[in-house]
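Undergrad: Got a structure for you, questions after.
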Amino acid sequence: MKKLETDVVIVAGGPAGLAAAVTVGEMGLSSILLEKARTTGGAANMGMGPLGINTTIQKEQFNDISVDYAFDLHMNYTHYNVDADLVQTYFSKSADTIAWLQELGVEFAGAFRYFRESEATWHIVKPENGVIGPRAASGMVKVLTEKAKEYGTEILLETPATSLIMEDGKVVGAKAVDAGGNELEVRGKAVIVATGGFGNNGDMIKKEFGLTLMEDFYPFMIPGVNGDGLNMMWEVGAQKFGANIEAIYQLPDNMNWFILDAVLRQPNLLVNQRGERFMNEGYMGNTTYVGNALRMQPGNYAYCIMDRKILKSYKKNGPDIMDIVHPADAFHGFDKEAEMAVEQGYSAYFEAETIEELAGKMGIDPETLANTLDDYNAMCESGVDTQFHKDQKYLHEITGKGNFVAGKFYLGAYGTIGGVRINKRCEVLDKDQKPIPGLYSAGSDANTIYGDSYNFTLPGNTMGFAVNSGRMAGESVMDYISNMEA
Amino acid sequence: MITLTIDGRTVEAREGQSVLHAALDAGIYIPHLCDHPDLEAKGGCRMCSVTIDGAEKPVPSCATEVREGMVVDSHTAAAEAVRRTSMELMLATHPSECTGCPKYGKCEMQSMYQFMGVSAQGWRHHPRPVPTNESNPLITHLFIRCIRCGRCIRACQDKRGVKVLDYVHDKVGIHAGVPGGKSLADAGCRFCGACIEVCPTGSIVDVVGRMERYPAYADNVVPCRAECPAHIDIPAYIRAVKEGRPGDAVGIIREKVPFPLVLGYICNHLCETGCKRSDINAPMSIRNLKRFAADNDTEQAWKEKYLRTAPPTGKKVAVIGGGPCGLTAAYYLRKKGHDVTVFEKRPELGGPMTGGIPAYRLPLDEVRKEIRLILDTGVKAECNREITNAAELRKDFDAVLVAVGVSKGRKLPIPGADFRQVHTAMDVLADNRAGKDMGYLGKTVCVIGGGSVGFDVARSLVRHGMTVNLACLEQADKILADAEDQEEGAEEGVNILPGRAFEVIEGTPEQVTGLRVHTVLSSTYDKATGKVTEVAEPGSQTVIPCDSVVFATGQYTGLNDYADFGIKLNGRGYPEIDGLKTSEGGIFAAGDAITGISFVIKGIAQGRDAATAIDKYLGGDGDIDETLVERSADPHIGEFPGFAALPRVEQEVISAESRKTNNENVYRTYSCEEASCEAQRCLQCDLRLQFEKIKLWSDFGGGET
Amino acid sequence: MTLKLTKKQCPVNELLSYVRGHKCLDCGKCVFGYEGATQILLALEDISAKRGKSTDLEQMRKLAQYMTEQSLCEDGEELGRTALEVLDAHADEFALHIAKKGCTAGVCRAFVTYHILMDKCTGCGDCMDVCQEDAIAGKKKFVHVISQADCIQCGKCLEACEEEAIVKAGADKPRCPPRPVPCKRK
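Residue numbers (this note's numbering), protein chains in the order written: chain H, 137 to 622; chain B, 137 to 841; chain D, -1 to 184.
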């Protein structure tokens, strides 16, 4: 078995692991980073940027938000069910982290909201042509990767860690296996684990949440994000704590049906399998709320119904709810994609001439659905949603003109968060809430600051936590090693 | 050599080399997507645009040959602009997010946009949805992710000559695919996987789960080789058979195992469980091809190298036990230059190969030929030498290997088990193999145990004209022996009685009269405690009349029968080990003696490991790998309509009526025609590994890019 | 190839037809040829449908230039050259479309509006009957009015009207009442 020696062993090279690598590198420590994929960055390659609070960028845009305000907002949102000290440490650090990233060479296009009701905390990385869009954060990944290498981090790609090495009650390294199938042992003074949760591991998802992939749950699944880090930390006695999903909602296989997804998620008539409304559709921009609400419905799904007349008005006047991910341009491609969906028998898209026909296709009792629609249309006409108080501007009568169209939206998730408990120094705690010497965790494996629901009102939160906790872990490791040597 | 300047560095390049590859070879990264080092450059994507000698218009470096004194700049504003625009244009019609892509984290395009930091938002997003096609075996198509680089098409058309993939124009636009909407099988696909290997995005991928079985990439690509305990280079020897070179095939096999003939007859062929052709119709008949090769190896061109040994090391090694494991270890240790002596308690070397496995499965002559070759290397053998204390032996040798196997048969502790006419399978098979008169068993025999040993006994005794009942605890669908053994045994007249529990052997110590059993509806075996819990069928008790009983119910090492074997043993008589090391320095153990009863190929694999471990212990490098036959594999496999449907060729089976009267082998070896028919079914998965792995930006140097 | 245009032809529409029928869209072997043609086509479709963006002209011009230089074969180069020529020769007309002001030749459907003339309408209801979009308001003896928000410019009402009260309009629109008023003509 090949044996390697370094100061800090970093398990996985997503935004947390990379931030940790740069941080320990800045302080002169050597590190070896074990990455399963062929590229660094993990989930950050599909994201757009991290959260920042009270940053220069926000101030320049007159969009500033104070740490106190964000902290209160977050703690109220989570009902103090999360570690306030950890939240405070992270939020307070976030502005400095944005500045730190800028110094490293990351450019930001600005601070953005995800949807109207959210705060402008999302610091989206600026692509070379300046026009922001999906995958923007991959530019940050590049900068962090290059910096880490410059500071001497040895990045071993296609070399997943398999277990932690524990000696005399201390974590002193990790075992890994390379692309050739050869085992290696990497020893260091401390280990930082940041493998990004277990969003791709159906067995763990079933076990932890009772959800079945591709049946009642359609999350983003990033190959390789299989809970490796959590399993190895649990194995050495880390407390199992706070694992959750970052709930969203989407059409199944939505990458193939992106335009349908974009259009049908507009705030029209949302009904469950019983044919009943269950929420104020005006909140459909808040993917967490909708995800949570779907989880309360039979089968974890619901149908969002509209008609082609409404579509026409969207094409002409723009959609009701705008967000950054679903561009308004897409609406013009709806008919083409819908035609294809019908042709291919896509199971989550419905078209019908009459409400009875629609109900039949959905397997809903036609009378119930017709009644729900009648009630809804009456409310649209009167301009008052007496049931859930949806804003009048979203109340468009659904007459079926040009036919009814509907999508079947399922509970989804960006991935999982949490699993181990850390303190504000990112030390991993055991069952008695005592730190396991030498073991640190950052990023989504250790992200337990949301409680029951992802806090979408502060967008960029997950990547923000990853980069900030990565830095925090790196700094703590420095202290740990200094004390060890003192 | 040509000297040119790329991005300010002086670079040496080969004549005719492209500027792109001259740069990459020199460690200078230039993004590139449609280019692949093993395929003809086309220059369609323009990602590799560079400025040459200050010219205004950038050119694709993949399709530009190096010239003496050329000055290349990949970072000019013009080159960067072309590259960026190209990437943006591709992203504009690519799925807008990477989520759900099976190539995430391994995608060349993902790595490249990470490097370039581009966004397609300035263009009109125009996805071209193509339904995911999971209906083909082994290969999944997700052409919504196709970027039309044409690499798969060039690989399929030019490199392989299979000509299945092409540009397809459908309603949404153009993408790579199978024209006419045919299935891969109907289109004549040879499932070589070249398209998967060269696809830079997630458009053509292995079916889910195929690439996650083993830690090593190569093992996932070539699972037959990974499954073989000795990792014989199976695709290479099948290719040799196909090309009419059975001798080379044997040479390739002998690189890993010294018993190709034996394995050709009796290997349990784990390789076939890995064979990817199983997903198309049926696995390759790998074992039978091995036998064909061994049977037709007339020139033995590998022989000289095979027998060559390293200069003497002056170290002496003793191997206790001359079975597959011991002989394999002896052979490789001898090749490493050690002085090796095998101690065998029986009169003949070979262990079960000469002393147990019946002739109708494995002809004696064949085994002897192979043992002879091992001895030809200079391995010494002392037969009829039973070693009762390994530590004593160690005093005269630098290292000792305990490879005694499991030669002692075990009886079930039921009343009557100690009667004179109650035997163990080990003893009966040894007598049978030695050609002794088996009359002592009487006319009717009951064999207890349904594993392959039980069937060996039963089928052998049928050949002596006896009436044979084979009873076992397992239900009919759970019988341990393989299906062929059961089927052929039944054809030959073995009366199989599954689901029986054994109560008592009836008769007197001098004369067995029957075996009392009852029927069991179900039984469970607790591996941890070794306890069996059964549900008996009420009133099912019967006596099977017989003259003798043979127990085929397990074997053990017999090491704890000795007063002191000199090494620590566990309660069941197996050496206590750490890896292959025993409690005593310089004494190693391997094979069935540590794993319990297993198959010959496992024993051989253990023998190889033991040779490596002992050689290292003696100061060697432990490297026993050897190339006996130089490989060459033509990547151009050509068109083959109907390839997917080619049926598995089975060996001809001699009729039960005829075979049960003698000890001839049950199967006839392939004819040349049958062998080449079978060999050409091979998917040649290994060809995929010939492709050079594309380096991503992050594979280049430090942070200076 | 050069596109020769008469006054009755709209350069946006002509270039659109030319690109739509171009070989590059049937090939796919190079990025600039295929994706370039696709983006130009999409931009022209939008411009013709009154959805053009202020950045489109410059972007198309740049892209067309790249196509002349970076396509894998002459087809893409030719497409780029032709597009450049048309864009340069008719920059004003493109700008007019993009500014959503009109289509001089009256060819691009999205720029044409339909109107019911107050002094000719008899309030017969024939046009209302054929309108699939229910875009026409009115009742017996009242001048009918087309809702421009709902009209899809299909032209069926124009064919249905026996009084020749319905007209197409480009940049200059006739004066029409905002809602039905009693008919002057009996």
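For every residue, glycine included, the Cβ atom is placed at its ideal position computed from N, Cα and C.
All figures in this text were calculated on a predicted structure; none of them were measured in a lab.
Could you check how far apart the C-beta atoms of residue 159 (chain H) and residue 600 (chain H) are, in whole angstroms? I think they sit under 8 Å.
TA: Stepping through the first sequence from its first residue, residue 159 (chain H) is reached at position 23. Stepping through the first sequence from its first residue, residue 600 (chain H) is reached at position 464. So it is not a contact: roughly 15 Å between Cβ atoms.
Undergrad: Compare the beta carbon distance of residue 765 (chain B) and residue 388 (chain B) with 8 Å and say whether it is the shorter of the two.
TA: For this step, residue 765 (chain B) is matched to residue 629 along the second sequence. For this step, residue 388 (chain B) is matched to residue 252 along the second sequence. For residue 765 (chain B) and residue 388 (chain B), yes; Cβs fall inside 8 Å.
Undergrad: What is the rounded straight-line gap between the Cα of residue 424 (chain B) and the Cα of residue 182 (chain H)?
TA: Translated into positions along the second sequence, residue 424 (chain B) becomes position 288. Translated into positions along the first sequence, residue 182 (chain H) becomes position 46. Straight-line Cα distance between these residues: approximately 50 Å.
Undergrad: If you count every other CB in all the chains shown that lies within 10 Å of the CB of residue 142 (chain D), and 16 or more means buried, which is it?
TA: For the purposes of this step, residue 142 (chain D) is taken as the residue at position 144 of the third sequence. Residue 142 (chain D) is buried by the Cβ-count criterion.
Undergrad: At a Cβ threshold of 8 Å, is residue 86 (chain D) touching chain B?
TA: Position 88 of the third sequence, counted from the start, is the residue given in the question as residue 86 (chain D). Chain B contact via Cβ: absent.
Undergrad: Can you have a look at residue 840 (chain B) and say buried or exposed, based on whether 16 or more other CB atoms are within 10 angstroms of its CB?
TA: Here residue 840 (chain B) is taken as the residue at index 704 of the second sequence, counted from 1. Interpretation of residue 840 (chain B) is limited by its pLDDT of 42, a score under 50 that renders its predicted location unreliable; no figure is taken from the coordinates.
Undergrad: Go ahead and pull the three-state DSSP assignment for residue 524 (chain H).
TA: In the first sequence, the residue the question calls residue 524 (chain H) occupies position 388. Correct three-state label for residue 524 (chain H): coil.
Undergrad: What residue range does the alpha helix (DSSP H) around residue 355 (chain B) cover?
TA: By one-based count along the second sequence, residue 355 (chain B) stands at place 219. DSSP places residue 355 (chain B) in the uninterrupted alpha helix (DSSP H) bounded by 353 to 357.
Undergrad: Taking 8 Å as the threshold (beta carbon to beta carbon), is residue 826 (chain B) in contact with chain H?
TA: By one-based count along the second sequence, residue 826 (chain B) stands at place 690. Not an interface residue.
Undergrad: Would you report the Cα separation of residue 196 (chain B) and residue 251 (chain B), rounded to the nearest angstrom?
TA: Taking the second sequence and counting its residues from 1, one reaches residue 196 (chain B) at position 60. Taking the second sequence and counting its residues from 1, one reaches residue 251 (chain B) at position 115. Cα to Cα, the separation comes out at about 18 Å.
Undergrad: In the DSSP output, what is residue 259 (chain H) paired with across the bridge?
TA: Indexing the first sequence from 1 puts residue 259 (chain H) at position 123. Under DSSP, residue 259 (chain H) shares a beta bridge with H:247.
Undergrad: Measuring only between beta-carbons, confirm whether residue 406 (chain B) sits less than 8 Å from chain H.
TA: As a working note, residue 406 (chain B) is residue 270 in the second sequence. No - not a single Cβ of chain H is within 8 Å of the one on residue 406 (chain B).
Undergrad: How would you list, in chain order, the residues of chain H whose beta-carbon sits under 7 Å from the beta-carbon of residue 260 (chain B)?
TA: Stepping through the second sequence from its first residue, residue 260 (chain B) is reached at position 124. Simply 465.
Undergrad: Mind checking residue 212 (chain H): buried by the 16 CB within 10 Å criterion, or exposed?
TA: As a first step, residue 212 (chain H) must be located in the first sequence, where it is residue number 76. It counts as exposed.
Undergrad: Does the Cβ-Cβ distance between residue 444 (chain H) and residue 539 (chain H) come in under 8 Å?
TA: Taking the first sequence and counting its residues from 1, the one referred to as residue 444 (chain H) is at position 308. Taking the first sequence and counting its residues from 1, the one referred to as residue 539 (chain H) is at position 403. In this structure, residue 539 (chain H) lies closer than 8 Å to residue 444 (chain H) by Cβ.
Undergrad: I need the straight-line Cα distance from residue 468 (chain B) to residue 579 (chain H), nearest angstrom please.
TA: Position 332 of the second sequence, counting from 1, holds the residue named residue 468 (chain B). Position 443 of the first sequence, counting from 1, holds the residue named residue 579 (chain H). Looking at the two C-alpha atoms, the distance is approximately 51 Å.
Undergrad: Figure out for me which residue from H:439, H:312, H:235, H:473 has the closest Cα to the Cα of residue 500 (chain H).
TA: Position 364 of the first sequence holds residue 500 (chain H). Of the residues H:439, H:312, H:235, H:473, the one whose Cα lies closest to the Cα of residue 500 (chain H) is H:439.
Undergrad: Taking residue 391 (chain H) as the reference, which of B:457, B:235, B:739 has the closest Cα?
TA: Working through the first sequence from its first residue, we reach residue 391 (chain H) at position 255. When each option's Cα is compared against that of residue 391 (chain H), the closest is B:235.
Undergrad: Kindly list the residues whose CB is nearer than 7 Å to the CB of residue 436 (chain B), restricted to its own chain and excluding five residues on each side of it in sequence; keep chain order.
TA: The count along the second sequence starts at 1 and reaches residue 436 (chain B) at position 300. Excluding sequence neighbours, residue 436 (chain B) sits near 383.
Undergrad: When you compare only the Cα positions, how much space is there between residue 535 (chain H) and residue 408 (chain H)?
TA: Residue mapping note: residue 535 (chain H) aligns to position 399 of the first sequence, counting from 1. Residue mapping note: residue 408 (chain H) aligns to position 272 of the first sequence, counting from 1. Residue 535 (chain H) and residue 408 (chain H): Cα-Cα distance of roughly 19 Å.
Undergrad: Between which two residues does the beta strand (DSSP E) harbouring residue 687 (chain B) extend?
TA: On the second sequence, residue 687 (chain B) is found 551 positions in, with the first residue counted as 1. 684 to 687 is the extent of the beta strand (DSSP E) around residue 687 (chain B).
Undergrad: Which parts of the region 428 to 509 of chain B are runs of the beta strand (DSSP E), unbroken and 3 residues or longer, counting only runs that do not cross its ends?
TA: 452 to 456, 475 to 479
Undergrad: Taking only beta-carbon atoms, is residue 270 (chain B) less than 8 Å away from chain H?
TA: Residue numbering aside, residue 270 (chain B) sits at position 134 when the second sequence is read from its first letter. Chain H contact via Cβ: absent.
Undergrad: May I ask you to list the residues that DSSP assigns as paired with residue 386 (chain H)?
TA: What you label residue 386 (chain H) is simply residue 250 of the first sequence in a count that begins at 1. According to DSSP, residue 386 (chain H) bridges with H:546.
Undergrad: If I'm right that residue 830 (chain B) touches residue 296 (chain B) with Cβ under 8 Å, what's the distance once you round it to whole angstroms?
TA: Position 694 of the second sequence holds residue 830 (chain B). Position 160 of the second sequence holds residue 296 (chain B). Contact doesn't hold; Cβ gap of about 18 Å is too wide.
Undergrad: Who are residue 623 (chain H)'s beta bridge partners in DSSP?
TA: Look at the range of chain H in this structure, 137 to 622, and you will see that residue 623 (chain H) is not part of it.
Undergrad: Would the region 67 to 74 of chain D count as touching the region 112 to 121 of chain D if we require 3 or more Cβ pairs under 8 Å?
TA: no
Undergrad: Given that a residue counts as buried once 16 or more other Cβ atoms are within 10 Å of its Cβ, and exposed if not, what is residue 657 (chain B)?
TA: On the second sequence, residue 657 (chain B) is found 521 positions in, with the first residue counted as 1. Classification for residue 657 (chain B): exposed.
Undergrad: For the alpha helix (DSSP H) containing residue 589 (chain B), name the first residue and the last one.
TA: Taking the second sequence and counting its residues from 1, one reaches residue 589 (chain B) at position 453. Residue 589 (chain B) -> alpha helix (DSSP H) spans 588 to 598.
Undergrad: Since residue 326 (chain H) sits in a beta bridge, which residues does DSSP pair it with?
TA: Position 190 of the first sequence, counted from the start, is the residue given in the question as residue 326 (chain H). In DSSP, residue 326 (chain H) forms a bridge with H:144.
Undergrad: When the Cβ atoms of the region 182 to 191 of chain H are set against those of the region 221 to 241 of chain H, are three or more pairs found closer than 8 Å?
TA: yes
Undergrad: Quick check on residue 751 (chain B): does DSSP put it in helix, strand or coil?
TA: The residue given as residue 751 (chain B) occupies position 615 in the second sequence. Note: residue 751 (chain B) maps to helix in three-state DSSP.
Undergrad: Can you name the start and end residues of the beta strand (DSSP E) that residue 306 (chain B) belongs to?
TA: Mapped onto the second sequence, residue 306 (chain B) falls at position 170. That run of the beta strand (DSSP E) goes 302 to 306.
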